[in-house]
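Just so we're aligned, residue 70 is where the sequence shown starts under the working numbering, counting upward by one.
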Amino acid sequence: MSSHSGARYWGNVEVIEEGDNYRISRVEIKPRHGIKPQIHYHRNEHWVVVSGVAKVTCGDTETLLNRNESTYVPAATLHKVENPGLIPLVILEIQNGEYLGEDDIERPYDLNLIKPTSENK
């Protein structure tokens, strides 16, 4: 099993296949949970919804994706995905880039780029 696989507070990630410049994962997000906003500088991501509904924010664009729909997340773009539904959201995620290390993730809350809603008042 890949070191990138495993349980998360929002769901689970299972790496299906990986090579030098790509990784294919099955991502399951619990109902009413999501992955916090993040940026990757060295990889692009393609997400295909297998089941459930995904609320995707990519840059300034928010989109709802249903089963068999997909989206592309370019490198250096702030993005997040949420499951607004009542059933688990399952996504196939294809990462492609020159560097796929876990340290190529920045989260805006950590960088103070975005303040939580309670701080904006």
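All C-beta atoms in this analysis are idealised placements derived from N, C-alpha and C, irrespective of residue type, glycine included.
Keep in mind that this is a model prediction, so the values were computed, not measured.
Helix, strand or coil at residue i according to DSSP, with G and I counted as helix
i	result
P177	helix
R77	strand
T132	strand
E171	coil
Own chain partners of residue i with C-beta closer than 8 Å, once the 5 adjacent residues on each side are dropped
i	result
V118	L134, N135, R136, N137, E138, S139, L158, V159, I160
Q107	L147, H148, K149, I174, E175, R176, P177
Range covered by the beta strand (DSSP E) that runs through residue i
i	result
Y141	139 to 142
I160	158 to 166
Cβ shell of residue i (< 6 Å), same chain only, five flanking positions each side left out
i	result
G80	E97, I98, K99
Neighbourhood of residue i by C-beta, 7 Å cutoff - its chain only, sequence neighbours within 5 removed
i	result
T132	V125, T140
P143	N113
- Whole runs of the beta strand (DSSP E) within the segment 85 to 127, excluding any shorter than 3 residues: 91 to 98, 103 to 107, 112 to 120, 123 to 127
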